[in-house]
Amino acid sequence: MTTELYTGAEMVVKALAALKVKYIFGYPGGSVLDIYDAIFNQDEVEHILVRHEQAATHMADGYTRATGEVGVVLATSGPGATNCVTGIATAYMDSIPMVVLAGQVATSLIGDDAFQETDIVGCSRPIVKHSFSCRKLEDIPNIISKAFYLANSGRPGPVVVELPKDMLIPQNKGEFHIDTEIKLRSYNPSVKGHPKQIKKAVKTIKSAERLVVYTGGGIVLADASEQLTELVERLNAPCTNTLMGLGGISGVHPNFIGMLGMHGSLEANKAMANADVILALGARFDDRVTNNVSKFCPNATIIHVDIDPTSISKTINAHIPIVGLVDTVIEQLMAELDDSDYQQNEQALESWWQQIEGWRSQKSISYKADGDKIKPQQVIESMYEITKGEAYVCSDVGQHQMFAAQYYPFAKPRQWINSGGLGTMGFGLPAAMGVKVAFPDSHVICVTGDGSIQMNIQELSTCLQYNLPVVIVSLNNRSLGMVRQWQDMIYGGRHSSSYMESLPDFIKLAESYGHVGIQINHVSELEEKMTEAFSIRNRLVFVDVLVDETEHVYPMQVRHGAVDDMWIRKGERA
Amino acid sequence: MRRILAILLENEPGSLSRIVGLFSQRAFNIESLTVAPTDDQSLSRITITTSGDDRVLEQIIKQVNKLIDVIKVTDLTERSHVERELLLVKLLAMNDKSRTEVKRITDIFRGAIIDIGKQVYTVQITGDADKLDAFISAVANETEIVEVVRSGTVGIARGEKALRV
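Chains as they are written, first to last, in my numbering: chain H, 1 to 574; chain P, 1001 to 1165.
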């Protein structure tokens, strides 16, 4: 019997199929044409052609955030690969597993400044979890398998695989062998928390009088939302989520006190500042949460659970560090609570909740409606009502992102998809497209603005080709709202380059791409037209809503202040 | 505070650039860095001399450990250890006086003159970084230094403790 021989390109596609990949998001070019040929000759893996490689990375990213499955990107060498850089960095900052297959010129040409040659491994080095460059074609399947394993284990992240052209061409063939179970001597991410630390943590929780559970994207990534909810209910503790952690506990759960941080709720930030114990789960004390680190919760004992040891005590010193998978650690904490006859200090808990209700009653997440101009918050509320809170909401970056986070309570994890860490404008539309690929029957919304949407608007074409009827809700304020807000607050109202002149007619633009456009200009027509937009299920709808351009996002932390030093409304400081 | 980190990592293309990149990316300091394969050719050993307070050092060690290629990291300065650096220095030796002085100082520092030219001596000294500094300043008083090359510090723990896979 003779063993079958495969080209490197065939091995790439065969390996992806063996790893149960359903979709590749990509764009062809010279160095990867052999892979495209191999894709053409099979039907296990479907390729989705974007209009710009950056969108392929965001699309894969959105697909992953919604499903938990590793997204795959394919790009050619040189500009194809460098166009992926922003998307790789976006995934890296939010710990999203992703495998980027990048073409490269033939090994004999590497280093010669050959046509479309870029050192993509070098370019992407600071923004990947790891990268591989293939030098032997028989290695391709296991390099790809390792890339998947690394991307999706421990603290997840993007992995780049560079494939030189001579590894892929039909002239070179080899045997195909793939290990789907990977072991690496240099990589053993922790799973369980150290039992001693668990005991210490529970002892501290038991002595707490003002406990806050502060959770981040780790809960979403680890699918630990059930465990979190159980723990929060067990302790009857207030729970706050970071921007990345929204949906970790239901946004309508009575113990949920809102998002914390720069545009978080007053009650969340106040609770943090007044807590005696903070239980941080899968969150990393980002600067958009802590505000001034030297003033951050000086009286709290901090228990920090994270899969990544570098996240612990990086910005804020943790008194009880626990390294492990957050779902496993929560289960360990609950088991230890059982074993140690945990009894609640009812009196302390009651007075703590009373304090929190006091802050809550100040209704920091609120706005004044206007009879004429549409408030951006109203649009999000309308979106929430029409979709009954069940839509996937993919956001771009800016004021609309904060309004969506504040006014659309997410009942489930993975429903809220945004670029929290890197803050990548142009993320929203391709991310929504990736979600729509995975969940064609669900409402998938791209909340965006007139600035962000233009950063990847070419993808309207991809939406038509693959029938991806997302609903784009653009809060059009004719300016870069968040930039403008900062200019209003910090730069004496000098709107330097934050005004979008010569905006296109978005309705005609959507129509020219073969989609439906709906214009909303007045409060009176908001509900009716939004309802209409969401009733169209088989075509992409671009809703252009003219909103009040003077609206600012509140509440907002005062610069360099403590975590709870906030402007609640214009001119009203907490 | 000055620290010496010993890192054992996969001897793969690009491993070194990941270490160097990490230090520059996160604004960690590198005073010296040496790298070479070990007795096991699949492994490289890097010695990095760095500085920072306890907090910075903790981050450095964690961040280095996080790199996929890295197998082990240890702070040699945490406990008793031996450290050495090699210095090669080319000195002007144009007359009897400077030749005698260079020879005398080299002997005191237990170094060796390893090459001579018409007008220069090349001296080799090993020791810790302090000793090398002291040699350079001693010899600079007697003659002109033409060229200096230092290997950077390498180190190893005292006693039974070993950094192995």
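Cβ coordinates follow ideal geometry from the N, Cα and C atoms, glycine included.
Check: Less than 8 Å between the beta carbons of methionine 244 of chain H and leucine 260 of chain H, yes or no?; Outcome: no
Check: According to DSSP, is histidine 194 of chain H part of a helix, a strand, or is it coil?; Outcome: coil
Check: Less than 8 Å between the beta carbons of isoleucine 182 of chain H and tyrosine 149 of chain H, yes or no?; Outcome: yes
Check: With respect to the alpha helix (DSSP H) encompassing serine 225 of chain H, which residues constitute its N-terminal and C-terminal limits?; Outcome: 225 to 235
Check: Does DSSP put glutamine 454 of chain H in a helix, in a strand, or in coil?; Outcome: helix
Check: Determine the chain P residues that contact valine 105 of chain H at a beta-carbon separation under 8 Å, and present them in chain order.; Outcome: Those do not exist, as valine 105 of chain H stays about 16 Å from chain P at its closest Cβ, beyond 8 Å.
Check: Taking contact to mean 3 or more Cβ pairs, one atom from each stretch, closer than 8 Å, check whether the region 356 to 369 of chain H and the region 415 to 435 of chain H are in contact.; Outcome: no
Check: Residues bridged to glycine 30 of chain H by DSSP?; Outcome: BP columns for glycine 30 of chain H are empty, so no partner.
Check: For valine 1073 of chain P and chain H, any beta-carbon pair shorter than 8 Å?; Outcome: no
Check: Using a cut-off of 8 Å between C-beta atoms, extract the partners of valine 1165 of chain P located in chain H.; Outcome: Arg185
Check: Three-state secondary structure (DSSP) at lysine 1229 of chain P?; Outcome: Limits of chain P in this structure are 1001 at one end and 1165 at the other, which puts residue 1229 of chain P out of reach.
Check: With distance defined between alpha-carbon atoms, name the residue in H/Met59, H/Pro97, H/Gly62, H/Ile120 nearest to proline 79 of chain H.; Outcome: H/Ile120
Check: Mark histidine 495 of chain H as exposed unless 16 or more other C-beta atoms lie within 10 angstroms of its C-beta, in which case mark it buried.; Outcome: exposed
Check: Within 8 Å (strictly less), CB to CB, does arginine 65 of chain H reach chain P?; Outcome: no
Check: Count the other C-beta atoms from every protein chain shown that fall within 10 angstroms of the C-beta of isoleucine 1108 of chain P, then say buried if there are 16 or more, exposed otherwise.; Outcome: exposed
Check: Is it buried or exposed, arginine 1002 of chain P, if we count other Cβ atoms within 10 angstroms and call 16 or more buried?; Outcome: exposed
Check: Who pairs with lysine 173 of chain H in a beta bridge, going by DSSP?; Outcome: H/Thr7
Check: Got a sec, what are the start and stop residues for the beta strand (DSSP E) leucine 101 of chain H sits in?; Outcome: 98 to 104
Check: With 8 Å set as the bound, which would you pick, yes or no: does the beta-carbon of histidine 319 of chain H sit closer than that to a beta-carbon of chain P?; Outcome: no
Check: Is leucine 221 of chain H near serine 95 of chain H, with beta carbons less than 8 Å apart?; Outcome: yes
Check: Between the region 107 to 133 of chain H and chain P, which residues of the former have CB atoms less than 8 Å from a CB of the latter, in chain order?; Outcome: Val121, Gly122, Arg125, Pro126, Lys129, His130, Ser131, Ser133
Check: Consult DSSP for aspartate 577 of chain H and reduce its assignment to one of helix, strand or coil.; Outcome: Nothing about residue 577 of chain H can be reported from this structure: the residues present for chain H run from 1 to 574 only.
Check: Reducing DSSP to helix, strand and coil, say where glycine 493 of chain H ends up.; Outcome: coil
Check: Provide the residue span of the beta strand (DSSP E) that contains glutamine 519 of chain H, from first to last.; Outcome: 516 to 520
Check: Using C-beta distances below 6 Å, list every residue in its chain close to alanine 1140 of chain P, excluding the 5 sequence neighbours before and after it, in chain order.; Outcome: none
Check: For phenylalanine 40 of chain H, count the other beta carbons within 10 Å of its own beta carbon; 16 or more makes it buried, fewer makes it exposed. Which is it?; Outcome: exposed
Check: Less than 8 Å separating the beta-carbons of proline 238 of chain H and valine 212 of chain H?; Outcome: yes
Check: For phenylalanine 256 of chain H, which residues does DSSP report across the bridge?; Outcome: H/Cys239
Check: In this structure, does DSSP put glycine 62 of chain H in helix, strand or coil?; Outcome: helix
Check: By Cβ distance below 7 Å, which residues in the same chain neighbour alanine 147 of chain H in space, the five residues on each side in sequence not counted?; Outcome: Val99, Phe132, Val159, Val161
Check: Between isoleucine 1068 of chain P and chain H, is the shortest Cβ-Cβ distance under 8 Å, so that the two count as touching?; Outcome: yes
Check: When you compare the CB positions of glutamate 549 of chain H and serine 502 of chain H, do they come within less than 8 Å of one another, or not?; Outcome: no
Check: Suppose the cutoff is 6 Å on Cβ atoms and the five residues either side in sequence are ignored; what does the same chain contact list for lysine 438 of chain H look like?; Outcome: Residue identity differs from the one stated: residue 438 of chain H is alanine in this sequence, not lysine. Contacts found: Tyr63, Ala66, Thr67.
Check: Are the C-beta atoms of glutamine 1041 of chain P and some chain H residue less than 8 Å apart?; Outcome: no
Check: Please identify the residue among P/Val1070, P/Val1035, P/Arg1026, P/Leu1033 whose C-alpha is closest to the C-alpha of asparagine 188 of chain H.; Outcome: P/Val1070
Check: Find the nearest neighbour of cysteine 463 of chain H within the set H/Ala56, H/Gly29, H/Leu5, H/Thr315, judged by alpha-carbon distance.; Outcome: H/Ala56
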